[in-house]
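Just below is one structure, and these are the notes that go with it.
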Amino acid sequence: MMTVSMPSTAYYPSDAKNSYAPVAAGQAALLEQRGIGQSVMKNALLSRTLDNNPYGSQPPSIPSASLSAAIASSLSLADNHQGLSRLEDVPLELLSRNISFHCSPSAPLDVLIKSRIEKMPNSLVLVNNSKADNEVESGVTVSCKRVLFTDAELLQCCQQARSSLPRSIMGLHNAGNTCYLNSVLQCLLATGPLLCYIVGNHNRSNNCPYINGKANNGMRRFCALCGLFKLYQEHQSQSSFSHQSNVLNRTSTGQTTPSYFVSNVRAVCPNLRAYQQEDAHEYLLGILSKMEDSVLAAYGKMPRATMDTNVIRRLFGGTTRSEVTCSTCRRTSPRNDQWFNLSMDITHARSLQQCLFNYTQPEVLQGANAYKCEACKQLRHATRCCRISRAPPVLVIQFNRFSRNQKLDTRVDFPATFNVRPHMTPSRGPSVIYRLYATLNHEGYSCRSGHYVAFTRRNDQWFSHNDSIVTSTTQECVLRQSPYLLFYELVSIFE
Numbered sequence: 032m033m034t035v036s037m038p039s040t041a042y043y044p045s046d047a048k049n050s051y052a053p054v055a056a057g058q059a060a061l062l063e064q065r066g067i068g069q070s071v072m073k074n075a076l077l078s079r080t081l082d083n084n085p086y087g088s089q090p091p092s093i094p095s096a097s098l099s100a101a102i103a104s105s106l107s108l109a110d111n112h113q114g115l116s117r118l119e120d121v122p123l124e125l126l127s128r129n130i131s132f133h134c135s136p137s138a139p140l141d142v143l144i145k146s147r148i149e150k151m152p153n154s155l156v157l158v159n160n161s162k163a164d165n166e167v168e169s170g171v172t173v174s175c176k177r178v179l180f181t182d183a184e185l186l187q188c189c190q191q192a193r194s195s196l197p198r199s200i201m202g203l204h205n206a207g208n209t210c211y212l213n214s215v216l217q218c219l220l221a222t223g224p225l226l227c228y229i230v231g232n233h234n235r236s237n238n239c240p241y242i243n244g245k246a247n248n249g250m251r252r253f254c255a256l257c258g259l260f261k262l263y264q265e266h267q268s269q270s271s272f273s274h275q276s277n278v279l280n281r282t283s284t285g286q287t288t289p290s291y292f293v294s295n296v297r298a299v300c301p302n303l304r305a306y307q308q309e310d311a312h313e314y315l316l317g318i319l320s321k322m323e324d325s326v327l328a329a330y331g332k333m334p335r336a337t338m339d340t341n342v343i344r345r346l347f348g349g350t351t352r353s354e355v356t357c358s359t360c361r362r363t364s365p366r367n368d369q370w371f372n373l374s375m376d377i378t379h380a381r382s383l384q385q386c387l388f389n390y391t392q393p394e395v396l397q398g399a400n401a402y403k404c405e406a407c408k409q410l411r412h413a414t415r416c417c418r419i420s421r422a423p424p425v426l427v428i429q430f431n432r433f434s435r436n437q438k439l440d441t442r443v444d445f446p447a448t449f450n451v452r453p454h455m456t457p458s459r460g461p462s463v464i465y466r467l468y469a470t471l472n473h474e475g476y477s478c479r480s481g482h483y484v485a486f487t488r489r490n491d492q493w494f495s496h497n498d499s500i501v502t503s504t505t506q507e508c509v510l511r512q513s514p515y516l517l518f519y520e521l522v523s524i525f526e
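Take 32 as the starting number for the sequence shown in this note's numbering and just add one per residue.
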């Protein structure tokens, strides 16, 4: 969701469809009589959260409480007490009623909003040009009144990613059908910027909101950040000499049991069961979600736009922009979708590039899949286009290999590096290069059976992680595998 500030005169009443008289004219006149004046109305901002409705909707009504709060908040300190007392004298029937709105047919809504907001202080105008697109696509820059994890902090974590990796590599003991869990944790332990953040900001118990009491409910919960930091510490304490000797001899390294994660499987994903064969992709999304919860637990209520600037969302979160165009009236309805991973259909693809090409190709909506056009008020043929609008620093790609408990063993080629720019909006501009640093593979015939292993790159050396067994390998061997999940890092901000 996105939040924009707009004046109260951006829309017009539904009972004056052909009139340009603003909705707030009556309120403005009355307030002026009370001594508040037009300057108050000019500076009052009505902030409204616009839901990302899949294909657009009529503008919502604005509660009177928002109008009163906006006007009151715009008063200067000197006038605040007096202004509030005057505001209470305004007739309730004028300020408490809900007003329905619709766009005037005589002027484009975007032109009206932009022209009015540009003249107002502390307002944000979203424009569609190359500069704005470049700010979104980089995965680094955000525009928000309050940012939880700043651009400078994000760049620092990415640039110190390599030095933040554990000095040693350990195997993870299989406590009973926990290979999916072990493989996910090994991939996260190879994600340098995440470890950089944890080591710098979550390295003591009093940094955890579930322990220091900053969480709203005061309850001590499962914290994925604490669990990963504990694993990191155990890796750091492992003897570097014995580790190198064991890996080169292709024998088991030192190992540990991730008991904190094993005992809290249900806390990560309520529908997963401990000591049962489960889906690694589902567990990964659960872990990322729990990490995000841990970061946000220390804060109170805040706008969604501010919440989305947390470190987990800024590292792993990407955005896809889809547009549906009605073939009859040509109206285009945009939608922005956030994600922690891109899911690729491999039914008709034999390479990652082909998967991305198919993902961004226009799709015709017709027949049983016809589009309900808000302008036409009926089902219409339409075209849907989908492109990546924000490329995150850490890109996770999932190959859809499982369907109804059946596994698709299709061989899909994937590169060590690739440019995602052709699949972005805009498609022209500087290259956006990603480099492979981890894969998660599934061996077996269904998502509820088989075995998971991981491959990770640590300081230009590749390793295979088969539970407690860690062996050295080569990039060529990794690229011959049939992975389930791919982990890429954005080269431009990691170097």
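We put the beta carbon where it would ideally sit given N, CA and C, even for glycine.
Checklist entry - So, helix, strand or coil for V427, using DSSP? => result Locating residue 427 in the sequence shown gives position 396, counting from the first residue. Residue state, collapsed to three classes: strand.
Next on the checklist: Taking DSSP's pairing of strands, which residues face Q286 in a bridge?
Outcome noted: Counting from 1 along the sequence shown, the entry for residue 286 is found at position 255. G202, per the DSSP bridge assignment.
Checklist entry - Roughly how many angstroms lie between the CA atoms of N238 and E313, to the nearest whole one? => result Here residue 238 corresponds to residue number 207 of the sequence shown, with the count starting at 1. Here residue 313 corresponds to residue number 282 of the sequence shown, with the count starting at 1. Each residue's alpha carbon lies about 27 Å from the other.
Next on the checklist: With distance defined between alpha-carbon atoms, name the residue in I229, G231, C257, Q264 nearest to I242.
Outcome noted: Residue numbering aside, residue 242 sits at position 211 when the sequence shown is read from its first letter. When only C-alpha atoms are compared, the closest one is C257.
Next on the checklist: Between N372, C404, L373, D324, which has its C-alpha nearest R361's C-alpha?
Outcome noted: As a working note, residue 361 is residue 330 in the sequence shown. The candidate whose alpha carbon is nearest that of R361 is C404.
Checklist entry - Looking only at C-alpha atoms, which of G475, L219, I377, L186 sits nearest to L315? => result Position 284 of the sequence shown, counted from the first residue, corresponds to residue 315. When only C-alpha atoms are compared, the closest one is L219.
Checklist entry - Rounded to the nearest angstrom, how far is the Cβ of L11 from that of P514, given a contact under 8 Å? => result Shown here, the chain extends from 32 to 526; a query on residue 11 therefore has no answer.
Checklist entry - If you follow the beta strand (DSSP E) that H454 is part of, which residue opens it and which one closes it? => result Position 423 of the sequence shown holds residue 454. Neither: H454 is in no beta strand (DSSP E) and is coded neither H nor E.
Checklist entry - Terminal residues of the continuous alpha helix (DSSP H) containing I343? => result For the purposes of this step, residue 343 is identified with residue 312 of the sequence shown, where counting begins at 1. Unbroken alpha helix (DSSP H) run through I343: 342-347.
Item to check | Meets three-Cβ-pair contact criterion under 8 Å: the segment 396-414 and the segment 335-343 | outcome: Taking 8 Å as the limit for Cβ pairs, the verdict is that the segment 335-343 does not touch the segment 396-414.
Checklist entry - Using a Cβ-Cβ cut-off of 6 Å (strictly less than) and excluding sequence neighbours within five positions of S434, which residues of its own chain qualify? => result For this step, residue 434 is matched to residue 403 along the sequence shown. Leaving aside the five residues that flank S434 on each side, none in its chain has a CB nearer than 6 Å to its CB.
Checklist entry - Which of the three DSSP states, helix, strand or coil, is assigned to C407? => result Within the sequence shown, the letter at position 376 stands for residue 407. Looking at C407 - three-state DSSP - the assignment turns out to be coil, as it is neither helix nor strand.
Next on the checklist: Does the segment 491-502 come into contact with the segment 197-217, if we say contact requires no fewer than three beta-carbon pairs (one atom in each stretch) closer than 8 Å?
Outcome noted: Yes, they touch.
Checklist entry - So which of S503, E507, R488, G481 has the shortest CA-CA distance to Q307? => result The residue you call residue 307 lines up with position 276 of the sequence shown. When each option's Cα is compared against that of Q307, the closest is G481.
Checklist entry - Which residues in the same chain have their Cβ closer than 7 Å to the Cβ of C300, if we skip the five residues on either side of it in sequence? => result Locating residue 300 in the sequence shown gives position 269, where the first residue counts as 1. Correct list, in chain order: E313, Y314, G317.
Item to check | Straight-line Cα distance separating A336 from T441 | outcome: Here the question's residue 441 lines up with position 410 in the sequence shown. Here the question's residue 336 lines up with position 305 in the sequence shown. T441 and A336: Cα-Cα distance of roughly 39 Å.
Item to check | Status (buried if at least 16 other CB within 10 Å, exposed otherwise) for G331 | outcome: For the purposes of this step, residue 331 is taken as the residue at position 300 of the sequence shown. By the neighbour-count criterion, in which 16 or more other beta carbons inside 10 Å mark a residue as buried, G331 falls on the exposed side.
Checklist entry - Tell me which same chain residues have a C-beta within less than 7 Å of the C-beta of F347, skipping the five on either side of it? => result Locating residue 347 in the sequence shown gives position 316, where the first residue counts as 1. Around F347: L319, F371, P423, V425, V427.
Checklist entry - Apart from the five residues on each side of it in sequence, which residues of its chain come closer than 7 Å, Cβ to Cβ, to N450? => result Residue numbering aside, residue 450 sits at position 419 when the sequence shown is read from its first letter. Result list for N450: S462, V463, I464, in chain order.
Item to check | Residue environment, Y483, which counts as buried when at least 16 other CB atoms sit within 10 Å | outcome: Translated into the one-based positions of the sequence shown, residue 483 becomes position 452. The residue in question, Y483, is buried, as its Cβ has 16 or more Cβ neighbours within 10 Å.
Checklist entry - What's the C-alpha gap between I229 and P334? => result The residue you call residue 229 lines up with position 198 of the sequence shown. The residue you call residue 334 lines up with position 303 of the sequence shown. Distance between the alpha carbons of I229 and P334: 25 Å.
Next on the checklist: Can you find the residues in the same chain that come closer than 7 Å, C-beta to C-beta, to C210, ignoring five residues on each side of it along the sequence?
Outcome noted: As a working mapping, residue 210 is identified with position 179 in the sequence shown. For C210, the CB contacts under 7 Å within the same chain, skipping 5 residues up- and downstream, are H482, Y483, D498 in chain order.
Item to check | Backbone secondary structure at P446 - three-state DSSP | outcome: Here residue 446 corresponds to residue number 415 of the sequence shown, with the count starting at 1. Of the three classes helix, strand and coil, the one that applies to P446 here is coil, per DSSP.
Checklist entry - Going by the CB atoms, is the gap between D444 and R381 shorter than 8 Å? => result Counting from one through the sequence shown, the residue named residue 381 turns up at place 350. Counting from one through the sequence shown, the residue named residue 444 turns up at place 413. Going by C-beta atoms, R381 is nearer than 8 Å to D444.
Checklist entry - How would you call G460, buried or exposed, if buried means at least 16 neighbouring beta carbons within 10 angstroms? => result For the purposes of this step, residue 460 is identified with residue 429 of the sequence shown, where counting begins at 1. By the 10 Å Cβ count, G460 comes out exposed.
Item to check | Range of the contiguous beta strand (DSSP E) that encloses L503 | outcome: Here residue 503 corresponds to residue number 472 of the sequence shown, with the count starting at 1. Just to set this straight, residue 503 is Ser in the shown sequence, not Leu. Unbroken beta strand (DSSP E) run through S503: 500-504.
Next on the checklist: Rounded to whole angstroms, what is the Cα-Cα separation between S268 and E184?
Outcome noted: In the sequence shown, residue 268 corresponds to position 237, counting from 1. In the sequence shown, residue 184 corresponds to position 153, counting from 1. Going by C-alpha positions, S268 is about 27 Å away from E184.
Next on the checklist: Measuring alpha carbon to alpha carbon, tell me which residue in C416, R452, A399, E323 is nearest R366.
Outcome noted: For the purposes of this step, residue 366 is taken as the residue at position 335 of the sequence shown. Comparing Cα-Cα distances from R366 to each of C416, R452, A399, E323, the minimum goes to C416.
Checklist entry - Should E476 be labelled buried (16 or more other beta-carbon atoms within 10 Å of its own) or exposed? => result Working through the sequence shown from its first residue, we reach residue 476 at position 445. Going by the sequence as given, residue 476 is Tyr instead of Glu. Per the 10 Å Cβ criterion, exposed.
Item to check | When T363, Q429, D368 are compared against D376, the one with the closest alpha-carbon | outcome: Your numbering for residue 376 matches position 345 in the sequence shown. Looking from the CA of D376, the closest CA among T363, Q429, D368 belongs to Q429.
Checklist entry - H312 lies in the alpha helix (DSSP H); which residues open and close that run? => result Taking the sequence shown and counting its residues from 1, one reaches residue 312 at position 281. Its alpha helix (DSSP H) spans residues 311-327.
Item to check | Own chain, CB closer than 6 Å to G285, minus 5 neighbours either side, in chain order | outcome: Indexing the sequence shown from 1 puts residue 285 at position 254. Closer than 6 Å at Cβ, skipping near neighbours: M201, Q269.
Checklist entry - With a CB to CB cut of under 8 Å and the five nearest residues on each side skipped, what residues in its chain are close to Q492? => result On the sequence shown, residue 492 is found 461 positions in, with the first residue counted as 1. Once the five neighbours on either side are set aside, the close Cβ partners of Q492 are S503.
Checklist entry - Nearest to T436 by CA position, among R479, Q187, Y468, is which residue? => result Counted from its first residue, the sequence shown places residue 436 at position 405. Checking the sequence, you will find Asn at residue 436 rather than Thr. The shortest Cα separation from N436 among R479, Q187, Y468 belongs to R479.
Checklist entry - Quick one: is H473 buried, meaning 16 or more other Cβ sit within 10 Å of its Cβ, or exposed? => result Position 442 of the sequence shown, counting from 1, holds the residue named residue 473. Buried: at least 16 other Cβ atoms inside 10 Å.
Item to check | Presumed contact (8 Å Cβ cut-off) between H233 and F260, rounded CB distance | outcome: Counting from 1 along the sequence shown, the entry for residue 233 is found at position 202. Counting from 1 along the sequence shown, the entry for residue 260 is found at position 229. About 6 Å separates the CB atoms of H233 and F260; that is less than 8 Å, so the two are in contact.
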